[in-house]
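Sequential numbering from 30 applies to the sequence shown in our numbering. Glycine included, each C-beta is placed from N, C-alpha and C at the ideal position. From a predicted model like this one, the values you see are computed outputs, not experimental measurements.
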Amino acid sequence: MAHDARVLVSELVTNVYRHTRTAVVRIDVAVNPDYVRVAVWDDAPRSRLLGLPVFSEGDSGRGLFLVECLATRWGIYRPNTETRSRKGVWFVLDREGRDGDVP
């Protein structure tokens, strides 16, 4: 699980840099007996919103596809212009032999 978490965080941070060129990346991690939940946020409200994961045969473009394949669950935070909330991606990895619910 730790390897998968490292791969996914690396992919998501790389996506933030490649698509927003922002120097501000926020990573939130919650560790629970049943699961680990990670959220990666960017601070670039005008950059493009994320789409659905697709498989790419090129050298890039597989970040969300890897999240889809490795994470137990995942989703996207869409920004709210009224509250100036950030956008980001979260994922959950269940800990070994666990199947806990995530709020």
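*Among V69, A59, Y106, D71, the one whose alpha carbon lies nearest that of D123*: A59
*I think G117 touches V69, with their Cβ atoms under 8 Å apart; what is that distance to the nearest whole Å?*
6 Å
*Taking only the alpha-carbon atoms, compute the straight-line gap between D72 and L95 and give it to the nearest angstrom.*
23 Å
*Give the C-beta separation of V121 and R66 to the nearest angstrom, bearing in mind that I take them to be a contact with Cβ-Cβ under 8 Å.*
5 Å
*Looking only at C-alpha atoms, which of L93, N44, Y64 sits nearest to R55?*
N44
*Using only alpha-carbon positions, find the residue among M30, R35, A31 that is nearest to G92.*
R35
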